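Q:
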């Protein structure tokens with residue numbers, strides 16, 4: 002057994018069953034070895050940002066890591082933005098970054114670069130493999146590191162000769178580190194705060210955004226009158242009819258300040274104390290209201306759900322959670338607007354859907370329109386690096402082939418990783434992309450005003466404008482093998498969205514939606 | 002004057018007149034400031050790999066740096082692969098990477114990441130700006146660092162508040178460091194070797210690939226009988242009728258070994274001692290024949306052209322260079338093949354063209370077919386990170402609006418940075434892209450065999466295959482605003498290529514060419 006075979010064998014034994022890859026010459030033995038491990042599926046991306054974003058989306062839904070296969074430093078670089086998003090999502094991912102053979106590195110061949118430096122910027126787990134015999138152990142350690150609570154990006158740097166040499170030894174899985182329990186005294190201390198009657202908000206994130214955490218949260222706030230907010234960009238938020246419904250903390254500092262106004266205590270459950278996404282001249286970075294106290298119930302890496310359940314037992318033993326009733330907007334009519342397209346989604350969202358949301362400014366009204374839709378998972382842009390939506394949808398669909406996946410995708414962000422559409426076609430994934438085409442980096446037009454940038458003229462505006470020429474996403478999608486259509490009215494969007502959901506395989510709807518702002 | 006204005010003013014005063022950008026919120030004051038400096042042109046890319054590749058292509062033709070504008074660590078990551086190629090090309094580039102405001106960094110907001118680590122992997126010049134008053138000085142230093150011989154990527158990390166604060170001070174240009182002269186004794190020592198009558202090869206790269214160096218090389222080898230080889234992937238090679246013609250060292254180690262067979266002395270002029278691009282099981286990494294001596298006439302950073310001219314004076318005082326005669330292949334007929342498409346290019350290449358060559362395996366026969374075509378510049382994939390060709394063509398066209406730019410682009414590599422086409426349309430650049438569509442990562446099929454990867458089956462083959470579905474580059478190009486057509490015969494390619502050259506603005510030809518191998 003060669004090294005590559007032992008590595009893939011070990012990954013599969015540890016439950017890693019999908020490898021999203023964009024390989025090169027130094028990964029050829031790894032590629033060849035895929036056929037020796039029946040449990041391992043290879044999925045080709047035509048750009049590494051698709052590969053890493055798909056691995057992120059896969060793990061958010063599958064609850065276990067996929068592997069990526071990347072080609073040296075430049076391949077890792079191309080995948081870095083979506084690994085940044087995965088890092089912020091605490092998504093377990095096992096990167097396999099091929100490198101030159103050990104003895105070849107000193108020659109500084111053209112593709113030589115400092116892979117450790119780039120991988121290290123992800124502040125996860127990085128190991129350079131140094132012997133074929135140890136590749137199995139390296140792989141088992143990587144899978145465990147990726148899954149150690151709260152989850153992270155683990156990167157193996159794999160020299161080509163270690164792959165091709167004989168002497169590989171598969172290694173049994175290493176149990177990952179479970180979340181640390183939260184001390185009963187911590188739970189009781191937070192319970193005391195909730196009983197003071199002072200204004201309290203619970204900011205919940207990470208595992209608290211799943212059903213068990215949400216149910217506990219609902220009991221707590223129903224019993225105590227505290228306010229609950231979900232972190233601004235959760236990795237995976239379960240929502241819809243039959244689940245408790247909570248507001249998310251706003252992206253704009255002004256929104257968040259309004260939501261937290263008057264709070265005396267902020268309890269953190271799997272979320273960090275809120276800060277402004279960007280700095281703005283003359284505005285504070287910290288969003289915790291002045292004078293409010295911050296209390297940590299459970300941080301990421303701790304048993305957030307268990308702590309919430311313990312807290313519910315403490316303060317809401319006899320309280321039932323309040324569940325969202327089914328409720329859908331009426332199907333709207335007329336030309337598409339930033340207001341009515343979300344109503345189409347809310348009216349027609351199928352049962353058990355997964356939404357990958359990178360609608361950005363076009364999606365500001367989405368949460369309200371879908372709050373009472375059938376239960377669904379919402380995957381958001383966790384790290385702010387745009388170009389995540391289509392790859393995450395792709396990976397989610399690989400993880401859940403029986404669930405409808407809806408990608409709500411802004412035009413400006415779509416071009417970073419547009420070839421995700423090709424992978425959707427190749428794998429016949431049931432992804433319906435609604436491309437919100439406002440022909441601008443609308444968020445930057447807004448931000449240009451918000452940061453108070455004075456005197457911007459035609460050159461500045463040209464850098465925020467996506468017309469001249471207009472992007473035709475119908476043609477782009479068809480060019481990548483995905484059936485596509487264009488909607489300019491709510492009726493067209495409803496008809497095309499219904500049809501796309503009814504047919505298997507990927508579809509794209511180029512929805513021409515004027516900017517909200 | 003705010004910091005951003007002083008920075009852009011300083012860049013423009015130092016001759017940096019184009020900023021390729023893909024900005025975000027933290028760069029909004031920089032964007033707004035563009036309108037305050039009339040000499041600075043802003044060019045939008047829809048993905049950072051387009052931005053950085055275009056800056057590379059621009060500088061290779063303009064002979065001076067462009068700036069890039071990138072959004073924090075993820076933006077730099079997205080641009081990293083083409084910066085890697087630029088590093089290998091020794092292209093001067095001034096990256097401006099926006100970052101959070103100085104006081105905002107400690108909050109670990111979602112887009113926070115280790116920009117220095119990623120920038121540092123480029124082994125160029127990196128500076129984090131730390132005061133508004135110093136931004137002008139930082140910019141002047143960055144431009145000089147980028148241009149210090151032999152050229153490099155210089156990265157300024159620009160916190161948002163330094164841009165928006167008042168107190169910017171433009172700074173006068175700093176003269177970059179010129180190439181170091183080569184000692185007369187070194188030239189004489191190489192002259193002695195050339196006079197021994199033993200088999201000598203000169204491997205020339207960098208500045209030696211421009212007219213003056215080539216003329217000196219031709220005189221040297223004509224007078225002495227030495228062999229000249231051009232480095233495998235020159236940043237810019239001047240060639241065609243009226244210039245000396247030299248073979249390039251082969252990409253495949255087997256080719257290079259054949260070309261260097263029997264050599265006793267290898268003289269390096271602006272090139273490094275040749276090594277295999279990748280390692281292969283049981284094959285040597287070093288390509289210098291056993292027993293051959295390596296002599297450095299001039300390394301990069303030294304005055305390579307001056308050294309060659311001095312050497313020519315020494316050994317070939319009365320010898321004229323041998324110049325390539327005009328000579329074009331006949332226009333071929335019949336279905337397109339890897340053999341005949343290059344003849345179409347050779348037959349029709351216009352005067353004074355710039356070729357951006359990322360044809361990869363499809364282009365193996367290109368050099369012979371274009372050797373006697375009208376004089377042109379050839380820009381090659383210097384660092385092996387695919388996805389360079391379309392952006393480099395884009396930047397070259399910005400640098401030379403009066404010259405026809407031809408992008409010869411393999412299908413597999415095209416998807417990494419396909420939105421370069423949109424920038425070509427936006428800027429109405431005269432780029433004709435011939436998309437060599439063989440529906441495979443053909444080079445990897447070859448490499449899979451060459452590395453001796455045994456037992457590859459359907460999963461391995463699927464990762465090297467670009468069909469299922471076929472990519473339709475006509476639709477993709479049209480979707481990005483570039484007129485496009487498909488050629489399946491040599492006649493169609495000739496007709497479409499001629500028409501594209503005759504019309505202004507960008508065009509794409511989806512040339513269906515079966516794999517060569």
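Protein chains in written order, with this note's numbering: chain D, 2 to 518; chain W, 2 to 518.
From the three backbone atoms N, C-alpha and C, an ideal C-beta is built for every residue, glycine too.
Bear in mind that the values here come from a model prediction, so they are computed numbers and not experimental data.
Report yes if the CB atom of residue 167 of chain W is closer than 7 Å to the CB atom of residue 3 of chain W, and no otherwise.
A: Against a cut-off of 7 Å, the Cβ pair of residue 3 of chain W and residue 167 of chain W comes out as a contact.
Q: List, in order along the chain, the chain W residues whose C-beta lies closer than 7 Å to that of residue 1 of chain D?
A: Nothing about residue 1 of chain D can be read from this structure; chain D reaches only from 2 to 518.
Q: When you compare only the Cα positions, how much space is there between residue 165 of chain D and residue 302 of chain W?
A: Cα to Cα, residue 165 of chain D sits roughly 38 Å from residue 302 of chain W.
Q: Counting only the same chain and skipping the five closest in sequence on each side, list residues whose C-beta sits under 6 Å from that of residue 140 of chain W.
A: Correct list, in chain order: 8, 11 and 12.
Q: Please report the distance separating the alpha-carbon of residue 516 of chain D from that of residue 439 of chain D.
A: Their backbone Cα atoms lie some 5 Å apart in a straight line.
Q: On the DSSP bridge list, what partners appear for residue 228 of chain W?
A: Looking at the DSSP assignment, residue 228 of chain W forms a beta bridge with W:202.
Q: Can you check whether the C-beta of residue 98 of chain D is within less than 7 Å of a C-beta belonging to chain W?
A: Judged by the 7 Å Cβ criterion, residue 98 of chain D is not in contact with chain W.
Q: Closest to residue 180 of chain W by CA distance: which of W:208, W:191, W:441 and W:202 is it?
A: Comparing Cα positions, the closest option is W:208.
Q: Count the CB pairs spanning the region 62 to 70 of chain W and the region 383 to 400 of chain W that are closer than 8 Å, and state whether there are at least three.
A: The answer is yes - the region 383 to 400 of chain W touches the region 62 to 70 of chain W, with three or more Cβ pairs under 8 Å.
Q: Nearest to residue 100 of chain W by CA position, among W:28, W:419 and W:144, is which residue?
A: Taking only the C-alpha atoms, the option nearest residue 100 of chain W is W:28.
Q: Check whether the region 86 to 105 of chain D and the region 89 to 103 of chain W are in contact - that is, three or more C-beta pairs closer than 8 Å.
A: Segments in contact, no.
Q: Would DSSP call residue 418 of chain W helix, strand or coil?
A: DSSP places residue 418 of chain W in helix when its eight states are reduced to three.
Q: Please report how far the alpha carbon of residue 521 of chain D lies from the alpha carbon of residue 371 of chain D, in whole angstroms.
A: Given that chain D is displayed from residue 2 to residue 518, the structure contains no residue 521 of chain D and the question cannot be resolved.
Q: Give the interface partners of residue 477 of chain W over in chain D, defined as CB-CB distance under 8 Å, in chain order.
A: Near residue 477 of chain W (Cβ distances below 8 Å), the residues of chain D are 476, 477, 480 and 481.
Q: Residue 108 of chain D CB to nearest chain W CB: under 7 Å?
A: So yes, residue 108 of chain D belongs to the interface.
Q: Using a C-beta to C-beta distance shorter than 7 Å, which residues of chain D count as neighbours of residue 460 of chain W?
A: What residue 460 of chain W touches in chain D: 35, 36 and 43.
Q: What did DSSP end up calling residue 237 of chain W once you bin it into helix, strand or coil?
A: The answer is coil: DSSP assigns residue 237 of chain W none of H, G, I, E or B.
Q: Quick one: residues in its chain with C-beta nearer than 8 Å to the C-beta of residue 235 of chain D, no 5 flanking neighbours on either side, listed in chain order?
A: Excluding sequence neighbours, residue 235 of chain D sits near 206, 207, 210, 249, 379, 381 and 383.
Q: What residues in the region 275 to 288 of chain D have a beta carbon less than 8 Å from any beta carbon of chain W?
A: Going along the region 275 to 288 of chain D in chain order, one finds 276, 277, 278, 279, 280, 282, 286 and 287 with a Cβ nearer than 8 Å to chain W.
Q: Can you name the start and end residues of the alpha helix (DSSP H) that residue 86 of chain D belongs to?
A: Residues 73 to 90.
Q: So residue 269 of chain D and residue 204 of chain D are in contact, right, with Cβ under 8 Å, and what is the actual spacing, rounded?
A: Between residue 204 of chain D and residue 269 of chain D the Cβ distance is about 6 Å, and since that is below 8 Å, they are a contact.
Q: Checking contacts by CB at 7 Å: is residue 449 of chain D closer than that to chain W?
A: Yes, because at least one Cβ of chain W sits closer than 7 Å to the Cβ of residue 449 of chain D.
Q: How about the region 170 to 179 of chain D and the region 192 to 204 of chain D: do they share at least three Cβ pairs that are nearer than 8 Å?
A: At 8 Å Cβ cutoff, the stretches do not touch.
Q: Taking the beta strand (DSSP E) that residue 268 of chain W belongs to, which residues open and close that run?
A: Residue 268 of chain W -> beta strand (DSSP E) spans 266 to 270.
Q: Thinking just about the alpha-carbon of each residue, which of D:437, D:90 and D:418 is nearest to the one in residue 512 of chain D?
A: For residue 512 of chain D, the nearest C-alpha among the options comes from D:437.
Q: Have a look at the DSSP bridge pairing and note the partners of residue 294 of chain W.
A: Its beta-bridge partners are W:266.
Q: Throw me the rounded Cβ distance for the residue 94 of chain D and residue 138 of chain D pair, which I believe falls under 8 Å.
A: The Cβ separation is near 19 Å, so there is no contact.
Q: In this structure, how does DSSP classify residue 278 of chain W when only helix, strand and coil are distinguished?
A: Three-state result, residue 278 of chain W: coil.
Q: Please return the same chain residues whose Cβ sits closer than 6 Å to the Cβ of residue 213 of chain W, not counting the five positions on each side in sequence.
A: Around residue 213 of chain W: 306.
Q: Which of helix, strand or coil does DSSP assign to residue 541 of chain D?
A: Residue 541 of chain D lies beyond the range of chain D shown here (2 to 518); nothing can be said about it.
Q: Beta carbon of residue 151 of chain D, beta carbon of residue 91 of chain D: below 7 Å?
A: Yes.
Q: On the CB-based measure, 16 or more other CB atoms within 10 Å of its CB, does residue 262 of chain D come out buried or exposed?
A: When all chains shown are included, residue 262 of chain D counts as exposed.
Q: Leaving out the 5 sequence neighbours to the left and right, which residues in its chain are closer than 6 Å to residue 353 of chain W when beta-carbon positions are compared?
A: Only 404 meet the Cβ criterion.
Q: Residue 292 of chain D and residue 327 of chain D: beta carbons closer than 7 Å?
A: It is not a contact, given that the beta carbons lie outside the stated cut-off.
Q: Compute the Euclidean distance between the alpha carbons of residue 304 of chain W and residue 96 of chain D, then round it to the nearest angstrom.
A: Between residue 304 of chain W and residue 96 of chain D, the C-alpha separation is close to 43 Å.
Q: For residue 156 of chain W, write down the residues that DSSP places opposite it in a beta bridge.
A: In DSSP, residue 156 of chain W forms a bridge with W:96 and W:127.
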